[in-house]
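Right, one structure below, let's go through it.
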Amino acid sequence: MTTSATTPDTTLTETVSPVTKNSSRFDGAFERWALVGALGLLVLLCVATLPQFRTASLFTTMLNAQSLVLLLALTATIVLRLGDFDLSISQTMVATAAIVAVMTKNGYPAYVAILTALALGALVGAINALIVVRVGVDSFVATLGSYTALAGFAYLITDSRIVAGVPDGFVNFSRSQLLGLPMITWYAWVLVVVLWYVYQRTPLGRYTVFIGGNRAAARLAGISVDRIRTSAYIVSGLIAAFIGICFAGYFGAVDPSVGAQYMLQPFAAAFLGATAITVGRFNAWGTVAALYLLTVGITALQLLGAQTWVTNVFYGLALIVSVTAAKLVGKRRAGART
Numbered sequence: 001m002t003t004s005a006t007t008p009d010t011t012l013t014e015t016v017s018p019v020t021k022n023s024s025r026f027d028g029a030f031e032r033w034a035l036v037g038a039l040g041l042l043v044l045l046c047v048a049t050l051p052q053f054r055t056a057s058l059f060t061t062m063l064n065a066q067s068l069v070l071l072l073a074l075t076a077t078i079v080l081r082l083g084d085f086d087l088s089i090s091q092t093m094v095a096t097a098a099i100v101a102v103m104t105k106n107g108y109p110a111y112v113a114i115l116t117a118l119a120l121g122a123l124v125g126a127i128n129a130l131i132v133v134r135v136g137v138d139s140f141v142a143t144l145g146s147y148t149a150l151a152g153f154a155y156l157i158t159d160s161r162i163v164a165g166v167p168d169g170f171v172n173f174s175r176s177q178l179l180g181l182p183m184i185t186w187y188a189w190v191l192v193v194v195l196w197y198v199y200q201r202t203p204l205g206r207y208t209v210f211i212g213g214n215r216a217a218a219r220l221a222g223i224s225v226d227r228i229r230t231s232a233y234i235v236s237g238l239i240a241a242f243i244g245i246c247f248a249g250y251f252g253a254v255d256p257s258v259g260a261q262y263m264l265q266p267f268a269a270a271f272l273g274a275t276a277i278t279v280g281r282f283n284a285w286g287t288v289a290a291l292y293l294l295t296v297g298i299t300a301l302q303l304l305g306a307q308t309w310v311t312n313v314f315y316g317l318a319l320i321v322s323v324t325a326a327k328l329v330g331k332r333r334a335g336a337r338t
C-alpha cells in the first residue's frame, strides 16, 4: 500500500522536472535576448512605415553618429560594474578635447597635447578614486562634483569660446575612412570587443561581478576590492581622455558647453544594456543593443516631425526606465538565487 501510494509522487516529479527546466531555460533566453528582439522589431517597423529607413545611408549615419556616445557608454560600464558611478566622463572628454585644441593652437607639438590630455584623464580618475574609495564619499556625489569642476576648467582654458583649427593629424585620426567607416567608429567597436573579452573571459571580469554584488564577501574571498575600484576609475579617466582626443579631431573644434549633451545618453544605454545579453550585469554587447535601440527610436521620432525638446524628454524617460528595469532585474535574480 505504501509503495503504491508513493509511486505516483515519484513519477509526477520525474515528469514535471524536465518541463520546469525547459521553462526556466526559455525564460532565461527571453530575458537575455528580449532587448535585441525589440531592436529588430523596431527596425522592421520603421522600415515598413518610414521610407527614409529603407536606405543604407541612414543606418551608416546612425552607426557613425553614435560612436562617441557608444565610447562613453562603454566607459561608464567599467565603474558601474563595481557598483559605483563615474558621472565625470563626459566632461573629462570635453576638458581633454579643449586641452588638445588650445595647446595645438598655441604652437605646442601634438604629442605634448596628447600626453597632457591623457595625464589629465588619469589625474581625474585618481582624484575620483581617492574621494570615493579612500575617503568613502558617495560616488554619485563625488563624480558629479568632478563633472562640475571640469566644466569650469573647460570654460577657463577656452576663454568660454569655441576653439577651432584643430590640426589635420587629429582630424585624420578620427575621421579617416576604413572600409567606408570613420576611424572613430572602429575605435568604438574595438572597445566593445576588448571589454566583452575582459568581462566574460578573464578572472578580472569575474572579480568585478563579485565586487559589484557584495564587496564584503569579495574581500573575504581575497579579492583586492579597493585596488580594482581605484584602477577602474583611472582607466575610466584615461579612456575618457582618449575619447576627448577623438572628439577634437572628429569635429575639428571644441565647444566647452557640450558636456551636458553627452551626459544622459551613455548612462541610459549602460543601464538598459544591463537588462540584456548578460542579464543583471553591465556588459558590452547589451550596451550596444540598448544604445542603438534608443538611437533608432529617437531617429524615427525626428523623421516623424518631433520637435527638438522631444529628444531630451525621450532620453530622460529612457534613463528612468533603464535604471528601473536594471534594478528590478537585479532584485529578481537575487530572489531567484535565495
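Heads up: the sequence shown begins at 1 in UniProt numbering, then just goes up one per residue. Where a beta carbon is used, it is the ideal one built from N, C-alpha and C, also for glycine.
Given Trp196 as reference, the closest of Arg161, Thr278 and Ile211 once Cα atoms are compared
Cα-wise, what sits closest to Trp196 is Thr278.
To the nearest angstrom, how far is it from the Cα of residue 343 to the Cα of Ile245?
The chain is shown only over 1 to 338; residue 343 falls outside these bounds and no answer can be derived.
Local conformation of Val137 per DSSP, three classes:
Coil, per DSSP.
Backbone CA spacing between Asn312 and Ala221 [nearest angstrom]:
Each residue's Cα considered, the two are about 43 Å apart.
Rounded C-alpha distance that separates Leu304 from Leu272:
Straight-line Cα distance between these residues: approximately 24 Å.
Would you kindly work out how many angstroms separate the C-alpha atoms of Leu50 and Thr185, rounded to a whole number?
Straight-line Cα distance between these residues: approximately 26 Å.
DSSP-derived helix/strand/coil call for Gln66:
Coil at Gln66, not helix or strand.
Reducing DSSP to helix, strand and coil, say where Leu179 ends up.
In the displayed model, Leu179 falls within coil according to three-state DSSP, outside both helix and strand.
Pick out the complete alpha helix (DSSP H) segments inside the region 203 to 290, 4 residues or longer, and give them in chain order.
With a minimum length of 4 residues, the continuous alpha helix (DSSP H) runs that stay inside the region 203 to 290 are 203 to 213, 215 to 220, 225 to 251 and 264 to 273.
Considering Cα atoms alone, identify which of Val69, Ser67 and Leu80 is closest to Ala232.
Considering only Val69, Ser67 and Leu80, the residue with the shortest C-alpha distance to Ala232 is Leu80.
Proximity to Val69 [Cα-Cα], best of Trp189, Ser57 and Thr143
Val69 has its Cα closest to that of Trp189, out of Trp189, Ser57 and Thr143.
Where does Val190 fall in DSSP's three states?
Assigned with DSSP and collapsed to three states, Val190 falls in helix.
Reduced DSSP secondary structure (H/G/I, E/B, other) of Ala34:
In the structure shown, Ala34 sits in a helix (DSSP, three-state: H, G or I).
What is the DSSP secondary structure of Val132, reduced to helix, strand or coil?
In the structure shown, Val132 adopts helical secondary structure according to DSSP, grouped into three states.
Within a Cβ cutoff of 6 Å, which residues of the same chain sit near Gln91, ignoring the five residues on either side of it in sequence?
Closer than 6 Å at Cβ, skipping near neighbours: Tyr147, Leu150, Ala151 and Gly259.
Does the Cβ-Cβ distance between Cys46 and Ala300 come in under 9 Å?
It is a contact, given that the beta carbons lie within the stated cut-off.
Beta-carbon contacts of Ala289 that lie in its chain and below 8 Å, excluding the five residues immediately before and after
Short of 8 Å from the beta carbon of Ala289, and not among the five residues preceding or following it, lie these beta carbons of its own chain, in chain order: Leu35, Val36, Leu39, Gly273, Ala276 and Ile277.
Thinking Ile234 and Gly125 are a contact (beta carbons under 8 Å), I'd like their distance in whole angstroms, please.
Correct: roughly 4 Å between the Cβ atoms.
C-beta contact flag for Arg161 and Tyr250 at 9 Å
With contacts defined as CB atoms closer than 9 Å, Arg161 and Tyr250 fail to qualify as a contacting pair.
Run the CB neighbour count on Phe140, radius 10 Å, all protein chains shown included, and call it buried at 16 or more, exposed below.
Classification of Phe140: exposed, given that the 10 Å Cβ count is below 16.
Sorted by chain position, which residues of the same chain lie with C-beta nearer than 6 Å to Val171's C-beta, five sequence neighbours on each side aside?
Exclusion of the five residues before and after Val171 leaves Gly249 and Gly252 as the residues of its chain whose Cβ lies within less than 6 Å of its Cβ.
Would you mind working out which of Met93, Ala164 and Ile320 sits nearest Phe247, comparing C-alpha positions?
Answer by Cα proximity: Met93.
Look up Ala119 in the DSSP assignment and say whether it is helix, strand or coil.
In the structure shown, Ala119 sits in a helix (DSSP, three-state: H, G or I).
Along the alpha helix (DSSP H) that carries Val166, what are the first and last residues, could you check?
Counting along the chain, Val166 falls outside any alpha helix (DSSP H), and DSSP gives it neither H nor E.
Looking at Leu181 and Leu72, is the spacing between their C-beta atoms short of 9 Å?
No, Cβ-Cβ distance for Leu72 and Leu181 is not below 9 Å.
Determine the DSSP secondary structure at Thr3, reduced to helix, strand or coil.
The predicted position of Thr3 is uncertain, since its pLDDT is 45 and thus under 50; no value can be drawn from it.
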